[in-house]
Structure formats: structure tokens, C-alpha cells
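Q: Dropping a structure here in C-alpha cells format, bear with me for questions.
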Amino acid sequence: MTRIGLLDSGLGLLGTADALFNLAPDADLVLAMDPDFTPYGSLSTEALEQRALHSAGVLAEWEPDAIVIACNTASVQALEAVRTRYEPTIPVIGTVPAVKMAAGTGQDFAIWATPATTGSAYQQNLIDAFAADRHVAKVACPGLAEAINVADLPKIDRAIEDAFAQMGPGLESVVLGCTHYGLIADRIMAARAGALTLFDSPMPVAKQTLRRIGLEPAGIGDDQPGTGRVLATYASGRRVGLPASLAAYPAGKRLLARESHDGTADRR
Ligand code: DGL
Numbered sequence: 005m006t007r008i009g010l011l012d013s014g015l016g017l018l019g020t021a022d023a024l025f026n027l028a029p030d031a032d033l034v035l036a037m038d039p040d041f042t043p044y045g046s047l048s049t050e051a052l053e054q055r056a057l058h059s060a061g062v063l064a065e066w067e068p069d070a071i072v073i074a075c076n077t078a079s080v081q082a083l084e085a086v087r088t089r090y091e092p093t094i095p096v097i098g099t100v101p102a103v104k105m106a107a108g109t110g111q112d113f114a115i116w117a118t119p120a121t122t123g124s125a126y127q128q129n130l131i132d133a134f135a136a137d138r139h140v141a142k143v144a145c146p147g148l149a150e151a152i153n154v155a156d157l158p159k160i161d162r163a164i165e166d167a168f169a170q171m172g173p174g175l176e177s178v179v180l181g182c183t184h185y186g187l188i189a190d191r192i193m194a195a196r197a198g199a200l201t202l203f204d205s206p207m208p209v210a211k212q213t214l215r216r217i218g219l220e221p222a223g224i225g226d227d228q229p230g231t232g233r234v235l236a237t238y239a240s241g242r243r244v245g246l247p248a249s250l251a252a253y254p255a256g257k258r259l260l261a262r263e264s265h266d267g268t269a270d271r272r
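Numbering of the sequence shown is given in my numbering, commencing with residue 5 and proceeding in unit increments.
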């Protein structure tokens with residue numbers, strides 16, 4: 005039985021969890037969110053490392069086949085620390101902004117991300133490596149991930165408009181450099197009447213995860229049946245149910261339908 009652990013500050017892990025269920029409908033997932041330390045976008049590197057190691061520790065107790073850091077902010081600052089602790093016993097897969105993919109189109113583009121990711125050397129290195137000859141607008145979106153966690157739609161729409169204002173005219177491609185933002189891809193597209201290309205990471209990260217554990221991805225399709233369940237969800241180390249705000253997002257609804265209500269779910 006395949007078991008995969010995912011960590012993020014909050015609902016950003018939804019998209020990757022949904023992609024994993026899509027590609028591996030029989031895999032079980034364990035989720036670690038960290039509401040006591042949200043947003044990750046405003047934590048120092050040291051604090052982020054500690055929080056990522058804490059959540060990875062909670063997941064490791066389930067002896068997962070892999071741990072996915074379903075968060076750009078934690079990946080760019082803490083992936084190495086988590087890998088050093090758990091690999092090679094448990095493969096650790098990170099999430100980084102899809103700069104290479106966007107640069108491959110030959111267009112200029114923007115990267116929307118948390119203030120921490122936007123200011124990181126890691127993101128700048130990605131731009132230098134793959135998009136040095138492009139105009140890349142670095143757009144920090146303070147408050148957007150938090151608004152998404154509580155499904156505050158007016159605040160989400162204001163943050164989207166702020167991001168477009170920072171981005172300036174003429175750019176038609178946006179890299180979603182925070183895993184939360186994919187949950188509102190429909191609202192971002194609607195704000196520009198669909199005249200936008202978005203580059204997001206859940207599918208590539210899910211595929212990479214399955215590759216690392218030697219699983220063949222199943223065909224892609226919504227709502228595939230399967231035995232895979234969300235075995236357990238944690239909030240800063242406490243065992244909880246999936247948050248109700250999930251229901252505001254299509255991926256969240258699919259995840260709620262897969263929540264195991266068997267409180268005795270075994271850790272193997
Ligand atoms: N979901 C996270 C990311 O991908 C961070 C959100 C936060 O700031 O807590 O960057």
C-alpha cells in the first residue's frame with residue numbers, strides 16, 4: 005500500500021494532494037498543516053526550517069513512502085534540511101516555482117509568490133538560470149495565502165487586483181509560485197477574462213513524487229474512483245479533521261470525499 009505525506013502551512017497542499025489522487029487513486033495520504041505558524045511567507049529561514057522539520061517528523065511517524073513539501077516557501081528555504089534528516093530512508097520531494105516551464109514558452113512573465121519566496125536567492129537563481137533573457141516581474145502577494153486558508157473571497161479578489169497592479173501591463177503569463185494560489189486559478193483567470201496563461205506545480209510535483217517511489221502514474225481524469233484515503237490530518241502537530249474551508253474549492257471537495265473517518269487508522 006502506498007502512503008505519501010504532504011506538508012504545507014495550510015491549504016496549499018490541497019492541489020498536490022488532489023493531483024496525487026488523480027495519478028495514484030489507490031495511494032493513501034497523510035497531511036500536515038501548520039496553522040500556528042501561518043503564513044510561512046513571513047517566517048525567517050531558521051524558523052521555516054524548524055517548522056518544516058517538525059511537520060516532516062509528524063509525517064515520518066506514519067512511515068510514508070515519500071514526503072512532499074507542498075509549499076514553495078518551505079521548499080526554497082528548508083528542502084535541504086528535510087532531505088538531510090530523512091533521505092535516503094524517505095524520499096523528500098520539494099516544490100519550486102515553475103520558472104523553467106514558463107521560460108520555455110519564450111514569453112516574458114510574472115511570478116506571484118509569498119514575500120519570502122519573492123525575496124529568496126533560490127527564486128532569483130531560477131530566473132538567472134532559465135529566464136536571464138526575459139523580463140520577469142517578481143510579484144509578492146502578502147495576505148493572499150492567509151485569505152485563501154479562510155476562503156475570504158473579497159480579500160482574495162483584492163489581493164488578485166493588487167498583484168495585477170504590481171505586475172504592470174503587457175504580461176500574459178503568470179507562474180503561481182505559492183501552492184495556495186492554484187486553488188483560486190479560476191478567479192485569477194476570470195479577473196483577466198481568461199486572457200492569461202498560468203503555470204502551476206501540483207501535477208509536475210505529483211509526477212515527480214510517483215517517479216521517486218517507482219509508481220506508474222494512472223491516466224489523468226477527474227474524480228477517479230480508488231481506494232486512496234486521507235488517513236490523517238494534522239494542525240501544527242495536533243490530529244484534526246480536514247478544515248471546513250476546503251469546501252470552497254473544487255480540489256477541497258474532492259479531498260473531503262476521501263477523508264477517512266476511521267479514527268483508528270493505523271500508522272503501519
Ligand atoms: N503555500 C505556501 C507556498 O507555496 C506558503 C503560504 C504561506 O505563506 O503560508 O509558498
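The beta-carbon is built from N, C-alpha and C at its ideal position, and this holds for glycine as well.
Kindly indicate which three-state DSSP category S273 falls into: helix, strand or coil?
A: This structure cannot settle anything about residue 273, because the visible part of the chain is limited to 5 through 272.
Q: Compute every distance between the C-beta of S240 and the non-hydrogen atoms of the ligand DGL, then say whether any falls below 6 Å.
A: Here residue 240 refers to the residue found at position 236 of the sequence shown. Every heavy atom of the ligand DGL is 6 Å or more from the Cβ of S240, so no.
Q: Taking the alpha-carbon positions, what's the T231 to P173 distance?
A: Here the question's residue 231 lines up with position 227 in the sequence shown. Here the question's residue 173 lines up with position 169 in the sequence shown. Straight-line Cα distance between these residues: approximately 47 Å.
Q: State the CB to CB distance for the pair G256 and L250, rounded to an integer number of angstroms; the pair is presumed to be in contact (CB under 8 Å).
A: Start at 1 with the first residue of the sequence shown, and residue 256 comes out as number 252. Start at 1 with the first residue of the sequence shown, and residue 250 comes out as number 246. Correct: roughly 3 Å between the Cβ atoms.
Q: Under 8 Å by Cβ, that's how I've got F134 and V178 pegged, so tell me the actual separation to the nearest angstrom.
A: For this step, residue 134 is matched to residue 130 along the sequence shown. For this step, residue 178 is matched to residue 174 along the sequence shown. In fact, because the Cβ distance is near 16 Å, the residues do not count as touching under 8 Å.
Q: Taking the alpha-carbon of R196 as reference, which of S48, M171 and R215 has the nearest alpha-carbon?
A: Here residue 196 refers to the residue found at position 192 of the sequence shown. Of the candidates S48, M171 and R215, the one whose C-alpha sits nearest the C-alpha of R196 is M171.
Q: For Y18 and L259, what's the separation of their Cα atoms in angstroms?
A: Taking the first residue of the sequence shown as 1, we reach residue 18 at position 14. Taking the first residue of the sequence shown as 1, we reach residue 259 at position 255. The sequence shown places Leu at residue 18, not Tyr. Distance between the alpha carbons of L18 and L259: 8 Å.
Q: Is the beta carbon of S59 sitting closer than 7 Å to the one on L11?
A: As a first step, residue 59 is located in the sequence shown; it is residue number 55 there, counting from the start. As a first step, residue 11 is located in the sequence shown; it is residue number 7 there, counting from the start. Contact flag set, yes.
Q: Helix, strand or coil: how does DSSP classify T109 here?
A: If you number the sequence shown from 1, residue 109 lands on position 105. DSSP, reduced to helix, strand and coil, places T109 outside both helices and strands of the structure shown, so it counts as coil.
Q: With DSSP run on the structure shown, which of helix, strand or coil describes G16?
A: In the sequence shown, residue 16 corresponds to position 12, counting from 1. When DSSP states are grouped into helix, strand and coil, G16 belongs to the coil group.
Q: Would the beta-carbon of S249 be found less than 6 Å away from any heavy atom of the ligand DGL?
A: Taking the sequence shown and counting its residues from 1, one reaches residue 249 at position 245. No, since every heavy atom of the ligand DGL falls outside the 6 Å radius drawn around the Cβ of S249.
Q: Using a Cβ-Cβ cutoff of less than 6 Å, which residues in the same chain neighbour Y126 once the five nearest sequence positions on both sides are dropped?
A: Locating residue 126 in the sequence shown gives position 122, counting from the first residue. If we look at Y126 and ignore the five residues flanking it on each side, its Cβ neighbours are V80.
Q: Please indicate yes or no: does the CB of Y44 lie closer than 6 Å to some heavy atom of the ligand DGL?
A: If you number the sequence shown from 1, residue 44 lands on position 40. Yes, the Cβ of Y44 comes within 6 Å of a heavy atom of the ligand DGL.
Q: Considering only C-alpha positions, which residue in the set D190, K142 and F25 is nearest to E220?
A: Along the sequence shown, read from residue 1 onward, the residue named residue 220 stands at position 216. The option with the nearest alpha carbon to E220 is F25.
Q: Could you give the distance in angstroms between the alpha-carbon of D132 and the alpha-carbon of A261?
A: Within the sequence shown, residue 132 is the residue found at index 128, counting from 1. Within the sequence shown, residue 261 is the residue found at index 257, counting from 1. Spanning the two alpha carbons is a distance of roughly 42 Å.
Q: For T278, name the three-state secondary structure that DSSP assigns.
A: Absent from the structure is residue 278, since the part of the chain shown begins at 5 and ends at 272.
Q: Can you tell me whether DSSP reads M5 as helix, strand or coil?
A: Walking along the sequence shown from the start, residue 5 turns up at place 1. Here M5 sits in coil by DSSP.
Q: At which residues does the beta strand (DSSP E) containing T201 begin and terminate?
A: Position 197 of the sequence shown, counted from the start, is the residue given in the question as residue 201. Residues T201 to F203.
Q: Mind the definition here: the stretch 194-213 touches the stretch 98-118 only if three or more C-beta pairs lie below 8 Å; say whether that holds.
A: yes
Q: Does DSSP put T42 in a helix, a strand or coil?
A: Position 38 of the sequence shown, counted from the start, is the residue given in the question as residue 42. Note: T42 maps to coil in three-state DSSP.
Q: In whole angstroms, give me the CA-to-CA distance for C145 and R87.
A: Within the sequence shown, the letter at position 141 stands for residue 145. Within the sequence shown, the letter at position 83 stands for residue 87. So the alpha carbons of these two residues sit roughly 28 Å apart.
Q: Keeping to the same chain, check which residues put their C-beta closer than 8 Å to that of L235; ignore five residues upstream and five downstream.
A: Here residue 235 refers to the residue found at position 231 when the sequence shown is read from its first residue. Answer for L235: R7, D32, L33, V34, W66, S264 and A269, listed in chain order.
Q: Following a CB-centred definition, is H184 positioned closer than 6 Å to any heavy atom of the ligand GDP?
A: This structure simply doesn't include the ligand GDP; it includes the ligand DGL instead.
Q: Ordered along the chain, which non-local residues of its own chain (more than five positions away) have a Cβ less than 8 Å from that of T122?
A: The residue you call residue 122 lines up with position 118 of the sequence shown. For T122, where only same-chain residues beyond five positions count, the Cβ hits under 8 Å are I115, K142, V143, A144 and G181.
Q: Under 6 Å Cβ to Cβ from K159, same chain only, skipping five residues before and after it: list those, please.
A: The residue you call residue 159 lines up with position 155 of the sequence shown. Taken in chain order, the residues that qualify are A151.
Q: Restricting to Cα atoms, I'd like to know which of A169, R191, P229 and R138 is closest to D156.
A: One-based indexing of the sequence shown puts residue 156 at position 152. Closest in C-alpha terms to D156, from the list A169, R191, P229 and R138, comes R191.
Q: Measuring alpha carbon to alpha carbon, tell me which of A163, Q111, T49 and V140 ends up nearest A149.
A: Here residue 149 refers to the residue found at position 145 when the sequence shown is read from its first residue. Per the Cα distances, A163.
Q: Run the proximity test for G256: is its beta-carbon closer than 6 Å to any non-hydrogen atom belonging to the ligand DGL?
A: As a working note, residue 256 is residue 252 in the sequence shown. No; taking the cut-off as 6 Å, the Cβ of G256 has no heavy atom of the ligand DGL nearer than that.
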